[in-house]
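Heads up: the sequence shown runs through residues 58 to 320, numbered per our numbering.
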Amino acid sequence: GAGLAAAFGAPLAGVLFALEELHKNFSAEVLISTMAASAAADYVAVNIIGLQPVFNFNVDHRIPLRLYWAVILLGVILGVFGVIYNKTLDKMQDLFGRFHSSFISIGIMMMVSFLMMFIYPAVLGSGNDLVEAISSGEFALGALAILLGAKFFFSTGSFGTGTPGGIFLPLLVIGAITGGLYSTFLSNVFGVIIAMAGYFSAIVRAPITGVILITEMTGNFMTLLSLVATSLVAYVVADLLGGEPVYDQLIPRRQRVKSESGD
């Protein structure tokens, strides 16, 4: 929780993530200790290290109620995409697990990264600048479609090698790209912000954390209702499709690998 708070400038989301996804139950002991750790981490990150918010959006109006059908439809799309992401991630791990040495898997993705640096550098990096570029309408729909496919497979492939790395920001960026594609129905900023929360909810299966995380990261409460609606719909759709939360999916695999290696 403290790590999430420091990395994303979202102390409340860090607390909720510890309770909703990791502990999966309400505990006063976990709540108090995580709140203290998250608050301390956020204070150090902001006031001592000087970190800035991950995203900077300027939203000055709410989505009109007549467009909430599009918000719900976006939640359905994100729920389906979330299940596809988790299943692809699982297949990527199976694919790279066929190699006898992890150096081969890592080498393959390093070569892909090197080629992308010259072919399509937008796929590389954390993606926070990319999200702001998408929200400002700098990408055409065709470019967004290509970027979505490239980022999707690059993210799942990188994580599939088994090397330590983050999954939080990549899935938020992919959600933002999806929201950019959906911006024919909503304004760019709305589509990006809402899709990040919905995609997070579908993949991690932690809708409350997703809503609070995006709200804290953007510093905006104007989209709170639409964030909640999209996240809930994405959660329900992913659950109905039988998709497994990404961390529940990864833990048994990690335990199996450790058992096979004798650790």
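All C-beta atoms in this analysis are idealised placements derived from N, C-alpha and C, irrespective of residue type, glycine included. Predicted, not measured: the structure shown is a model, and the values here were computed from it.
{"Query": "With 16 other Cβ atoms within 10 Å as the buried cut-off, status of residue 82", "Result": "exposed"}
{"Query": "Residue 218 versus residue 151: straight-line alpha-carbon distance, rounded", "Result": "9 Å"}
{"Query": "Nearest-angstrom Cα separation, counted from residue 270 out to residue 209", "Result": "21 Å"}
{"Query": "Among 142, 197, 96, the one whose alpha carbon lies nearest that of residue 306", "Result": "142"}
{"Query": "Under the three-state DSSP convention, the category residue 178 falls into", "Result": "helix"}
{"Query": "Among 188, 238, 189, 169, the one whose alpha carbon lies nearest that of residue 213", "Result": "169"}
{"Query": "The stretch 271-285 contacting the stretch 149-167, beta-carbon criterion three pairs below 8 Å", "Result": "no"}
{"Query": "Rounded distance between the beta-carbons of residue 294 and residue 188, thought under 8 Å", "Result": "No, residue 188 and residue 294 are not in contact; Cβ-Cβ is about 23 Å, not under 8 Å."}
{"Query": "Distance CB(residue 237)-CB(residue 255) smaller than 8 Å", "Result": "no"}
{"Query": "Cβ neighbours of residue 260 in the same chain (closer than 7 Å, five flanking residues each side left out)", "Result": "139, 142, 143, 228, 303"}
{"Query": "Same chain, Cβ closer than 8 Å to residue 202, five either side skipped, listed in chain order", "Result": "238"}
{"Query": "Element boundaries [alpha helix (DSSP H), containing residue 213]", "Result": "198-217"}
{"Query": "Residue 108 - DSSP class collapsed to helix/strand/coil", "Result": "coil"}
{"Query": "Residue 191 versus residue 197 - alpha carbon distance", "Result": "9 Å"}
{"Query": "Nearest residue (CA-CA) to residue 161, options 215, 99, 120, 101", "Result": "215"}
{"Query": "Three-state secondary structure (DSSP) of residue 193", "Result": "coil"}
{"Query": "Rounded separation between residue 179 and residue 122 - CA only", "Result": "35 Å"}
{"Query": "Sub-8 Å separation of residue 184 and residue 230 beta-carbons", "Result": "yes"}
{"Query": "Residues near residue 68 in its chain [Cβ-Cβ closer than 6 Å; skip 5 each side]", "Result": "62, 95, 96, 99"}
{"Query": "Of the residues 126, 149, 132, 248, the one placed nearest residue 264, counting alpha carbons only", "Result": "132"}
{"Query": "Residue 276, DSSP secondary structure in three states", "Result": "coil"}
{"Query": "C-beta contact flag for residue 72 and residue 91 at 8 Å", "Result": "yes"}
{"Query": "Endpoints, the alpha helix (DSSP H) within which residue 86 is located", "Result": "85-100"}
{"Query": "Between the CA atoms of residue 282 and residue 119 - distance to the nearest angstrom", "Result": "9 Å"}
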